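The listed protein sequences derive, respectively, from chains C and Z.
Each step along the first sequence adds one to the number in UniProt numbering, with nothing skipped, and position 59 is 59.
Each step along the second sequence adds one to the number in UniProt numbering, with nothing skipped, and position 133 is 133.
Below is one structure, written out as structure tokens; comments come after it.
There are 2 protein chains.
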Amino acid sequence: MHRFSKKVSMTVVKRLPKYYQYLSDLQLNDIEKISSRELASLMGLTASQIRQDLNSFGGYGQQGYGYNVGELKEAIKEILGLDSEYNCIIIGGGNMGHAIANYERFKREGVILKGVFDVDPLTVGTVVGSVVVKHMDELDEFVKANEIDIAILCVPREVGQKVATQITELGVKGILNFSPLDLDVPSDVVVENVNITDSLFTLTYLLGE
Amino acid sequence: MHRFSKKVSMTVVKRLPKYYQYLSDLQLNDIEKISSRELASLMGLTASQIRQDLNSFGGYGQQGYGYNVGELKEAIKEILGLDSEYNCIIIGGGNMGHAIANYERFKREGVILKGVFDVDPLTVGTVVGSVVVKHMDELDEFVKANEIDIAILCVPREVGQKVATQITELGVKGILNFSPLDLDVPSDVVVENVNITDSLFTLTYLLGE
DNA sequence: TAGATTGTTAATCGATTAACAATC
DNA sequence: TAGATTGTTAATCGATTAACAATC
Chain C
1 MHRFSKKVSM TVVKRLPKYY QYLSDLQLND IEKISSRELA SLMGLTASQI
51 RQDLNSFGGY GQQGYGYNVG ELKEAIKEIL GLDSEYNCII IGGGNMGHAI
101 ANYERFKREG VILKGVFDVD PLTVGTVVGS VVVKHMDELD EFVKANEIDI
151 AILCVPREVG QKVATQITEL GVKGILNFSP LDLDVPSDVV VENVNITDSL
201 FTLTYLLGE
Chain Z
1 MHRFSKKVSM TVVKRLPKYY QYLSDLQLND IEKISSRELA SLMGLTASQI
51 RQDLNSFGGY GQQGYGYNVG ELKEAIKEIL GLDSEYNCII IGGGNMGHAI
101 ANYERFKREG VILKGVFDVD PLTVGTVVGS VVVKHMDELD EFVKANEIDI
151 AILCVPREVG QKVATQITEL GVKGILNFSP LDLDVPSDVV VENVNITDSL
201 FTLTYLLGE
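In structure tokens, the structure reads:
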């Protein structure tokens, strides 16, 4: 749980994963320190923006020196909540669910795949990622028994809302939504949308500019 | 090619696919007209925002009446460039590439899958979506012969930049990028990123708020 | 110490909201 | 016509940029 002096805007929050990525890469390349100017040029931001962003969370830099890459990376990791572990399930064991289940990065950052669910009898029983796909009939019992924090929704648009309602009623508080629709959920549930159709249409727009 | 009086900001552009989605749904439900107030409540925006957004492109509404759903939908479809067809290829025939290849919506909106490419001998020759997967060795010749507008990148992070460079040199002007890295491309090439890792980390952040 | 770079305040820019005359 | 709702201008809010004193 965070407790920051200033209220952090969604604009800043959306940049945090990028900071984490760039700092992790710098660390892998044995870069020990970086200035806001250098990081800005790398990330395509301005130095001011970076100093403003980081100062919403506290003073991680040192005047005349810059930022220590390792320390700043760890700080942002914690801000992102990646010092905790999360139990997650994937709903929909088709190609999209399958793709996500194989993302090694998720597990490495503490997002643990506990189960995959599908309605298709041909998919149920197959292995996806590290788990055997279960039937949706077993979902309620499984979520109650396993303290699931995050559900990754990879189901068709037609059933997206129904499934979202089902899992929020079971107490799941976070949804990563790949189904191309906006979900209606209680206010204590957070949804992050990955809308591939929207992204494609933004691209076709930009192609015509 | 657009020619609008006002310069349209990226903020507005990112909302256009949402307008298109909601208006398409309304049309399917035989709703003929809608006011900015009603649409705002549906989409979670304000009526002012909607009127400002739509007026960057021209006056589609009618005082005292509202907007004609079908007409507005068609107008936005055209603004998004979805009145044209686009030839596209998918690079990377793994689960992610496979998932995208099966998106019916893409074809329905005029984005035609012409080929899928992979380096894995076990994947080459299999059928993905509507096409047989080709080896990456055939990419150069294929792109030159088929006027490819859009490449959908579903390759591992490690080879993302290399492939992006290769396809932009072949003249591809649009990239839908699922590889979790920021691509460096010439300024006449447009890239739309779908960064699933970033979305997951935004979610874990929000879970801790 | 001198040089560098942060943290932070002030200025600018852009996006959202409010208000209302125009008009269907 | 009277009521409704747009298109558009003005006011407000928030985010980015600029500037510089603090300080390592």
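The beta-carbon is built from N, C-alpha and C at its ideal position, and this holds for glycine as well.
Here the structure is a predicted model, which is why all the values come from computation and not from measurement.
(message) Between G208(Z) and the ligand NAD, is there a pair consisting of the residue's CB and a ligand heavy atom that are separated by less than 7 Å?
(response) Judged by which ligands are present, the structure shown has none, so any question about the ligand NAD falls away.
(message) Buried or exposed for P121(Z), going by 16 or more other Cβ atoms inside 10 Å?
(response) Sequence index remark: in the second sequence, residue 121(Z) carries index 121 (1-based). The residue is exposed, with fewer than 16 neighbouring Cβ atoms inside 10 Å.
(request) Taking only the alpha-carbon atoms, compute the straight-line gap between G93(Z) and S36(Z) and give it to the nearest angstrom. (result) Here residue 93(Z) is taken as the residue at index 93 of the second sequence, counted from 1. Here residue 36(Z) is taken as the residue at index 36 of the second sequence, counted from 1. Straight-line Cα distance between these residues: approximately 43 Å.
(request) Check whether the Cβ atoms of I76(Z) and L16(Z) sit closer than 8 Å, and answer yes or no. (result) Looking up residue 76(Z) in the second sequence gives position 76. Looking up residue 16(Z) in the second sequence gives position 16. Contact flag set, yes.
(message) Please list, in chain order, the chain Z residues whose beta carbon lies closer than 8 Å to that of V116(C).
(response) One-based indexing of the first sequence puts residue 116(C) at position 116. Scanning chain Z for C-beta atoms nearer than 8 Å to the C-beta of V116(C) yields nothing, as the closest lies near 12 Å away.
(request) Specify the secondary structure class of D53(Z) as computed by DSSP and reduced to three states. (result) In the second sequence, counting from the first residue as 1, residue 53(Z) sits at position 53. Note: D53(Z) maps to helix in three-state DSSP.
(request) Could you confirm whether any beta carbon from chain C is found closer than 8 Å to the beta carbon of S36(Z)? (result) Translated into the one-based positions of the second sequence, residue 36(Z) becomes position 36. For S36(Z), no Cβ of chain C is located within less than 8 Å of the residue's own Cβ.
(request) Please check the pair T204(Z) and L80(C), which I expect to be a contact at CB under 8 Å, by giving their CB distance rounded to whole angstroms. (result) If you number the second sequence from 1, residue 204(Z) lands on position 204. If you number the first sequence from 1, residue 80(C) lands on position 80. In this structure, T204(Z) and L80(C) form a Cβ contact; the two beta carbons are roughly 6 Å apart against a cut-off of 8 Å.
(message) Can you confirm whether the segment 81-91 of chain C touches the segment 143-151 of chain C when touching is taken to mean that 3 or more C-beta pairs between the two stretches lie within less than 8 Å?
(response) The segment 143-151 of chain C is in contact with the segment 81-91 of chain C.
(request) Spell out the partners DSSP gives V191(Z) in its beta bridges. (result) If you number the second sequence from 1, residue 191(Z) lands on position 191. Beta bridge pairing from DSSP links V191(Z) with I175(Z).
(request) Check whether the Cβ of P17(Z) lies closer than 8 Å to any Cβ atom in chain C. (result) For the purposes of this step, residue 17(Z) is identified with residue 17 of the second sequence, where counting begins at 1. Taking a beta-carbon distance threshold of 8 Å, P17(Z) counts as an interface residue toward chain C.
(message) Looking at the strands, I want to know which residues DSSP matches up with C88(Z).
(response) For the purposes of this step, residue 88(Z) is taken as the residue at position 88 of the second sequence. According to DSSP, which records beta bridges pairwise, C88(Z) is partnered with L113(Z), I150(Z).
(message) At the 8 Å Cβ level, is D140(C) part of the contact set with chain Z, yes or no?
(response) As a working note, residue 140(C) is residue 140 in the first sequence. D140(C) has a beta carbon lying at 8 Å or more from every beta carbon in chain Z.
(request) Have a look at Y103(C) and G129(C) and give me their C-alpha separation to the nearest angstrom. (result) Taking the first sequence and counting its residues from 1, the one referred to as residue 103(C) is at position 103. Taking the first sequence and counting its residues from 1, the one referred to as residue 129(C) is at position 129. Distance between the alpha carbons of Y103(C) and G129(C): 8 Å.
(request) Check whether the segment 26-34 of chain C touches the segment 60-75 of chain C, counting contact only when three or more Cβ pairs, one atom from each stretch, lie closer than 8 Å. (result) Yes, since at least three Cβ pairs between the segment 26-34 of chain C and the segment 60-75 of chain C fall closer than 8 Å, the two stretches touch.
(request) For E192(C), return the contacting residues in chain Z, with the cut-off set at a CB-CB distance below 8 Å. (result) Against the first sequence, residue 192(C) aligns to sequence position 192. By Cβ distance, chain Z contributes S199, L200, T202, L203, L206.
(request) With N95(Z) as the anchor, note down where its beta strand (DSSP E) starts and where it stops. (result) As a first step, residue 95(Z) is located in the second sequence; it is residue number 95 there, counting from the start. Looking at the DSSP string, N95(Z) is not in any beta strand (DSSP E); the run it does join, the alpha helix (DSSP H), is 95-101.
(request) Could you have a look at D30(Z) and say whether DSSP puts it in helix, strand or coil? (result) Locating residue 30(Z) in the second sequence gives position 30, counting from the first residue. If DSSP states are grouped into helix, strand and coil, D30(Z) belongs with coil.
(request) Could you please give the first and the last residue of the uninterrupted alpha helix (DSSP H) stretch that includes G160(Z)? (result) Here residue 160(Z) refers to the residue found at position 160 when the second sequence is read from its first residue. Note, G160(Z): alpha helix (DSSP H), 157-169.
(request) Under 7 Å between beta-carbons, which chain C residues line up against H98(Z)? List them in chain order, please. (result) In the second sequence, the residue the question calls residue 98(Z) occupies position 98. For H98(Z), the chain C residues whose Cβ falls inside 7 Å of its Cβ are N95, in order along the chain.
(request) Please name the residue, chosen from V12(C), L139(C), D137(C), N95(C), that lies closest to S56(C) on a Cα-to-Cα basis. (result) Residue mapping note: residue 56(C) aligns to position 56 of the first sequence, counting from 1. Out of V12(C), L139(C), D137(C), N95(C), V12(C) has the C-alpha closest to the C-alpha of S56(C).
(request) Following the continuous beta strand (DSSP E) through G66(Z), name the residue where it begins and the one where it ends. (result) Counting from one through the second sequence, the residue named residue 66(Z) turns up at place 66. That run of the beta strand (DSSP E) goes 66-68.
(request) Would you check if the distance between the CB atom of L113(C) and the CB atom of V143(C) is smaller than 8 Å? (result) Numbered from 1 along the first sequence, position 113 holds the residue referred to as residue 113(C). Numbered from 1 along the first sequence, position 143 holds the residue referred to as residue 143(C). Cβ distance not < 8 Å, so L113(C) and V143(C) don't count as in contact.
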